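To keep things clear, I will list the structure first and then write my remarks on it.
Residue numbers (our numbering): 54 to 299.
Written as structure tokens, this is what we have:
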């Protein structure tokens, strides 16, 4: 196992951070690593905004669902899918700009952001930093867009807390490999694997002194009419994404 694989396999999320500040050169390496990620047609449909100001982080922590670690982290990064530059490129070349009328733009933008975030996380963890991704930036997207002054065709997808961990944390157990890895074709017969994983998940929760809960119960509860991200669809249209199925 080389160092890269060991870093990837050792991933965990941190919500408590020390008072140490993240060195500018390490932040730069994170951003450059994110920028080095592959993207659709080399369009590089990603922008990253670094938030260090305590007052602005506090505002974002509230908008993200009162997640205190957003305010506590030395740096909060907001990863956005960005078609603003593509729009400018179309204007510069005298071409029409139709991309955001197709749902594929959302897939492209979200995928580019996901790959970029993964690179940034790997870079951060390889340098001893701790992180936790924050999907809560999509809870109040219109207000986040206003706070960060995002132009048309730019939309916040995920945040990332970055800092030096204040304490060690256990790694959460993952689903059995057989539940996520399929050869030649998809095998839908995984209910037994999920039942077994529920037990593993409950044991982990117990070991951490947390309320025991099945993994399936947690996931089912989240996807049972979750209104928390309800304004995302409206805000996508306000930002210029006019796909028919929005």
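Beta carbons: idealized from backbone N, C-alpha and C, even for Gly. Just so we're clear, the structure is a prediction, and the values are computed from it rather than from any experiment.
Check whether residue i and residue j have beta carbons under 8 Å apart
i: residue 169; j: residue 243; result: no
i: residue 116; j: residue 192; result: yes
i: residue 139; j: residue 288; result: no
i: residue 102; j: residue 84; result: no
i: residue 219; j: residue 71; result: yes
i: residue 163; j: residue 134; result: yes
i: residue 88; j: residue 207; result: no
Residues near residue i in its chain [Cβ-Cβ closer than 7 Å; skip 5 each side]
i: residue 75; result: 127, 128, 182, 215 and 216
i: residue 112; result: 200
i: residue 211; result: 132, 166, 170, 186, 187, 188 and 190
i: residue 154; result: 295 and 296
i: residue 269; result: 247 and 251
i: residue 152; result: 136, 139 and 158
i: residue 96; result: 139
i: residue 61; result: 175
i: residue 231; result: 246
Residue from the options with nearest C-alpha to residue i
i: residue 56; options: 269, 267, 175 and 118; result: 175
i: residue 222; options: 231, 63 and 172; result: 63
i: residue 105; options: 229, 238 and 130; result: 130
i: residue 93; options: 148, 161 and 80; result: 161
i: residue 172; options: 273, 82 and 267; result: 82
i: residue 285; options: 150, 198 and 77; result: 198
Own chain, CB closer than 6 Å to residue i, minus 5 neighbours either side, in chain order
i: residue 255; result: 265
i: residue 249; result: none
i: residue 226; result: 253 and 257
Boundaries of the beta strand (DSSP E) in which residue i is found, first to last residue
i: residue 130; result: 128-135
i: residue 213; result: 207-216
i: residue 99; result: 99-104
i: residue 229; result: That residue, residue 229, is in no beta strand (DSSP E); it is neither H nor E in DSSP.
i: residue 293; result: Segment: none, residue 293 is in no beta strand (DSSP E) and carries neither H nor E.
i: residue 107; result: Counting along the chain, residue 107 falls outside any beta strand (DSSP E), though it belongs to the alpha helix (DSSP H) covering 107-116.
Residue i - containing alpha helix (DSSP H), residue span
i: residue 167; result: 157-179
i: residue 147; result: Careful: residue 147 lies outside any alpha helix (DSSP H) and carries neither H nor E.
i: residue 77; result: 77-88
i: residue 245; result: 244-260
i: residue 93; result: Here residue 93 belongs to no alpha helix (DSSP H), and DSSP marks it neither H nor E.
i: residue 274; result: 268-275
i: residue 192; result: From DSSP, residue 192 is part of no alpha helix (DSSP H); its letter is neither H nor E.
Cβ-based neighbour list, residue i, same chain, cut-off 8 Å, excluding 5 preceding and 5 following
i: residue 80; result: 103, 128 and 215
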